[in-house]
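I have placed the structure first, in the form of structure tokens, so that the comments after it can refer back to it.
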Amino acid sequence: MAPDALFVAVLLFESTSSAPSCRPLYREDVLMLRAPSLDGAQGLAERHGHDAETSFTNHAGETVSDRLVRVVDVAPALSDDFTTTVVDVYSRHFRDIAAYRRFDPLCDGEQL
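So the number in our numbering is just where the residue sits in the sequence shown, counting from 1, plus 11.
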């Protein structure tokens, strides 16, 4: 049996509230997983995402729910050598920087 390989997964979650003024808040989680194959890593990522789903009542009596929207990506890690100070493990590419800035408010210093 081959040793497990290191994979990186990106999961997209949505957080909602029963509060009338609530706008959904989305987050990306980046996971590192060990699995024997890409399919195995995909399955682990999906299970982890569903296990992370939650719903609770906050201090104001509103229901807050976090749900997995989808597993965005699962890819082999770029490196599994953790003997150095800095390790590149994942990279994504895109073509539209304006869309990226609209998507990620932190890119231009906006607070969430």
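Ideal Cβ placement from N, Cα and C applies to all residues, glycine included.
No Cβ-Cβ contact shorter than 8 Å links A86 with V41. From the listed residues H61, D77, H59, G60, the smallest Cα separation to F67 is found for D77. Following the DSSP letters along the chain, one finds E39 inside the beta strand (DSSP E) bounded by residues 36-46. As the crow flies, the alpha-carbon of L44 is around 11 Å from that of G54.
Taking the Cβ atoms as the reference, P35 lies roughly 7 Å from S26, within the contact range of under 8 Å. D84: not part of any alpha helix (DSSP H); member of the beta strand (DSSP E) spanning 74-87, first to last residue.
In the DSSP assignment, A16 falls outside any alpha helix (DSSP H) and within the unbroken beta strand (DSSP E) covering 16-28.
Nearest in C-alpha terms to A52, of all of V83, F93, G72, S32, is V83. For F24 against L89, the beta-carbon gap comes to about 24 Å, at or over 8 Å, which does not count as contact.
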